[in-house]
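Residue numbers (our numbering): 154 to 290.
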């Protein structure tokens, strides 16, 4: 499901500042998550090996399935492999979003500067948190 929203800015420069802030916050989140993923990777690999060994002896995998409440999965004490899968999936998506935001910023900044639109009021449509349409008001 795609989520659309629109935000109004008094000036196009304000939009660029907002975009810069979003990029900085995402970069900080990516930087904070990376060491956790690296640490979890080794633990998850050892856990997988132990689980594979236990399966050979007829033991089923330990761990409770997540609780699903209106589409929200609640994990209570998840296994290292589940944690690693969730964290690494999020990390990859965050890197993709960061790349897209930087490209959008580059294009929007160029259009705004070259078009002399820095002081123009704008509306920006977002799809899943990413600017997709810039409307000069």
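Idealized CB from N, CA, C, for every residue including glycine. Every value quoted in this text rests on a predicted model; they were computed, and no experiment measured them.
Item to check | Residue from 157, 163, 180, 184 whose Cα sits closest to the Cα of residue 255 | outcome: 180
Checklist entry - Between the segment 274-288 and the segment 239-259, are three or more C-beta pairs nearer than 8 angstroms? => result yes
Next on the checklist: Our contact map puts residue 232 next to residue 200 with C-beta atoms below 8 angstroms; I'd like the distance itself, whole angstroms only.
Outcome noted: 6 angstroms
Checklist entry - What whole-angstrom Cβ distance do residue 175 and residue 270 have, given they're in contact under 8 angstroms? => result Actually they are not in contact, since the Cβ atoms of residue 175 and residue 270 sit about 20 angstroms apart, beyond 8 angstroms.
Checklist entry - Contact check, residue 279 vs residue 157 under 8 angstroms by CB: the rounded distance? => result 7 angstroms
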